[in-house]
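Offset between the sequence shown (1-based) and my numbering: plus 9.
Quick notes on the structure that follows.
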Amino acid sequence: MKSKNSWRDGDSVGVKPARRWRGLLGLAALAIFAGGCRQDMHIQPKYLPYQETPFFADGRDERPVVPGTVARGHLRLDDLLYTAKENGEVADKFPFPMTREDLERGRQRYNIYCTPCHAYTGSGNGMIVQRGFPAPPSFHIDRLRQAPVGHFYQVMTDGYGSMYSYAARVEPEDRWRIAAYIRVLQLSQHATIEDVPEVERPKLNEQAAGSR
Ligand code: HEC
10 MKSKNSWRDG
20 DSVGVKPARR
30 WRGLLGLAAL
40 AIFAGGCRQD
50 MHIQPKYLPY
60 QETPFFADGR
70 DERPVVPGTV
80 ARGHLRLDDL
90 LYTAKENGEV
100 ADKFPFPMTR
110 EDLERGRQRY
120 NIYCTPCHAY
130 TGSGNGMIVQ
140 RGFPAPPSFH
150 IDRLRQAPVG
160 HFYQVMTDGY
170 GSMYSYAARV
180 EPEDRWRIAA
190 YIRVLQLSQH
200 ATIEDVPEVE
210 RPKLNEQAAG
220 SR
C-alpha cells in the first residue's frame, strides 16, 4: 500500500504531467527572450572603487578622506579607557568595574598572549625566554607591584623596550582585563593565610595533603 506521507500524495492533483511540462517550457522560453530586451539596470552609469575618471585632476574616481576623518565607531573620546591616562597622569584605576567574568577573560587572554615570555605565574621565565629571548622582569618585583595599573595597559598598547606592542592583537577592554589579572597574579605570590576566607582554608590543607 502507498504510504500516506509519501511526497507524491499532494502532487499532481488535477494537473496532468504532460501539460505541466509544456507550461514550464513556455515559461523558460519567455525568460530567455524577454531577458535580452532591457539592460539598463545591469549596466549602470556609476564608478566602482579604484576606477579611473577624467573628471578629477588626479584621475582617481575615489576622493581621499578629509584629514582627521574618524571611521564610524572609532571615535575614542574616553581617555582613561584608551590611553590609561587621567589629567595627563598614568591612572591607577580601571575604566570599568572588574567582575569575575572579566578576570576569567583576562586570565584566558594572558595565557594566550603573555605566557610565552612572562610564564603562567608572571615570573618572566616563559618558554621563549628559556629558548633565549631576553628575559622580562618578574611581575612580582616591588617596582611592578607598586606600578599603577595603567602602566600595564600602556606596556601592552605601546610596547616596552624589547617587548613589542599588543595593540593590534588585544582590544583595549581586554588589555584592561589582562592588567587586572596581572594584579591577581601579583596578589597570588604575596598572599598570606589571612587573605584566604576562613571557609576556604580547609580546602588548601586538603590540596597540600593531596599533592604530597
Ligand atoms: C615575546 C616575549 C614577550 C611577550 C609575548 C610579552 N612580553 Fe612583556 N616583556 C617582554 C620583555 C623582553 C620585557 C622587558 C622589556 C625591556 O625591559 O626591554 C617585557 C616587559 C613587560 C612588562 C614590564 C614593563 C616594565 O615596566 O618593566 C610588562 C608589564 C609586560 N611586559 C606585560 C606583558 C603583557 C601583559 C603581555 C601579554 C599581552 C606581554 N608582556 C607579552 C617580553 C614579552
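All residues carry an ideal CB built from backbone N, CA and C; glycine is no exception.
Does the stretch 83-95 come close enough to the stretch 131-140 that 3 or more CB-CB pairs lie under 8 Å? no
Taking residue 161 as part of the alpha helix (DSSP H), name the residues at either end of that continuous run. 158-167
Tell me which residue opens and which closes the alpha helix (DSSP H) that residue 197 is part of. 181-198
Can you name the residues that DSSP bridges to residue 95? 98
In whole angstroms, give me the CA-to-CA distance for residue 149 and residue 78. 43 Å
How big is the Cα-Cα spacing for residue 143 and residue 171? 8 Å
Answer yes or no: the CB of residue 129 versus the heavy atoms of the ligand HEC, is any distance below 7 Å? no
For residue 69, write down the residues that DSSP places opposite it in a beta bridge. 61
Across the stretch 193-200 and the stretch 97-110, are there enough close Cβ pairs to call them in contact, namely three or more that are closer than 8 Å? no
Look at the alpha carbon of residue 86 and the alpha carbon of residue 180, and state the distance between them as a whole number of angstroms. 16 Å
For residue 58, I'd like the list of residues in its chain whose CB is within less than 7 Å of its CB, leaving aside the five on either flank, ordered along the chain. 71
Under 7 Å from any heavy atom of the ligand HEC, does the C-beta of residue 171 make it? yes
Rounded to the nearest angstrom, what separates residue 201 and residue 210 at their Cα positions? 11 Å
What does DSSP give as the partner residues of residue 172 in its beta bridges? 169
Alpha-carbon to alpha-carbon, residue 83 and residue 76: 15 Å
Alpha helix (DSSP H) containing residue 124: first to last residue? 124-127
Would the beta-carbon of residue 165 fall within 8 Å of that of residue 173? no
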